[in-house]
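If you use the UniProt record's numbering, the sequence shown corresponds to residues 1 to 208, in order.
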Amino acid sequence: MSITFYYAPQSSAGRVRVSLAELDVPYESVRLDLRAGDQKKPDFLAINPNGKVPTLVIDGTPMFESVAIQIALGERYGVQKGLWPAPGTPEQLVALTWLVWGQVSLTGALFRYMGNTSEYFPKEMHNEKQAEQSLAEIHDLLRILDSRLDGRPYVTGERCTLADLDLASVLGWGLPAAKIDFSERKNLKGWLGRIAERPAFKAAMTET
């Protein structure tokens, strides 16, 4: 078994780093300098023609798109580690649903909001109306997640899975970065706190 993980700091590769740390599988990491254009070099484009991170090479086979990577890691390593439900179970269906929800619905709204407000994007690209709409969407999505966590320690129930870790890695970085207050969401706040205290999660989130 061999895994090579291509990443860049402060990117969506962080969610995959968290999963690799929690699964405790050995891997080689390759850091790309996005500002220098490492992701557009021929050698990397041969692995990922999109020129983006994260990218994973598992036993010689390249993978891109973080949701696909997370599912592959879950199915290949997570069941034995207790971090992914067994295939075909109701719990797996729930985990898949919330994993994709987090990467598509929640992350999409968060990135749209930051694209219209953050100093990382030129001010001439900011659109006040789109920012307002995205922020309202984010708060509605946070309400949905908070409701899901009412009476449940994790999104699938009693066990923490890669779906929780993926969601938490995005929110743990994204909400403070976007300066979004979620203090009224008590279930969400408690859930994030539980995951943030996991040693592997904490170590992965502080790596550069």
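Glycine included, every Cβ here is placed at the ideal spot set by N, Cα and C.
Handout entry: With 16 other Cβ atoms within 10 Å as the buried cut-off, status of P199
Key = For the purposes of this step, residue 199 is taken as the residue at position 199 of the sequence shown. Its Cβ having fewer than 16 others within 10 Å, P199 is exposed.
Practice task
Counting only runs of 4+ residues fully inside the UniProt domain "GST N-terminal" (1-81), write out the alpha helix (DSSP H) ranges in chain order.
Solution key: Counting only runs of 4 or more, we get 13-23, 42-45 and 66-73.
Exercise for the section: Determine the contact status of R35 and Y7, defining contact as a CB-CB distance below 8 Å. Expected result: Start at 1 with the first residue of the sequence shown, and residue 35 comes out as number 35. Start at 1 with the first residue of the sequence shown, and residue 7 comes out as number 7. Not a contact, by the Cβ cut-off of 8 Å.
Problem - N- and C-terminal bounds of the alpha helix (DSSP H) containing Q92 - result: The residue labelled residue 92 in the question sits at position 92 within the sequence shown. That run of the alpha helix (DSSP H) goes P90 to W101.
Handout entry: G151 (DSSP reduced to helix, strand or coil)
Key = On the sequence shown, position 151 is the one that residue 151 refers to. In this structure, G151 counts as coil in the three-state DSSP scheme.
Practice task
Assign D166 to one of two classes, buried (16 or more other C-beta atoms within 10 Å of its C-beta) or exposed (fewer than that).
Solution key: By one-based count along the sequence shown, residue 166 stands at place 166. Answer is buried; the Cβ neighbour count reaches 16.
Handout entry: For L56 and I69, the rounded distance between their alpha carbons
Key = Taking the first residue of the sequence shown as position 1, residue 69 is located at position 69. Taking the first residue of the sequence shown as position 1, residue 56 is located at position 56. C-alpha of I69 to C-alpha of L56: approximately 7 Å in a straight line.
Practice task
Would you mind reading off the limits of the alpha helix (DSSP H) that contains F201?
Solution key: On the sequence shown, position 201 is the one that residue 201 refers to. Unbroken alpha helix (DSSP H) run through F201: P199 to T206.
Handout entry: Same chain only: Cβ atoms within 6 Å of D146, ignoring 5 sequence neighbours per side
Key = Sequence index remark: in the sequence shown, residue 146 carries index 146 (1-based). Hits under 6 Å: R185, N187 and L188.
Problem - Span separating the alpha-carbon of P90 from that of W173 - result: Taking the sequence shown and counting its residues from 1, one reaches residue 90 at position 90. Taking the sequence shown and counting its residues from 1, one reaches residue 173 at position 173. Those two C-alpha atoms are separated by around 30 Å.
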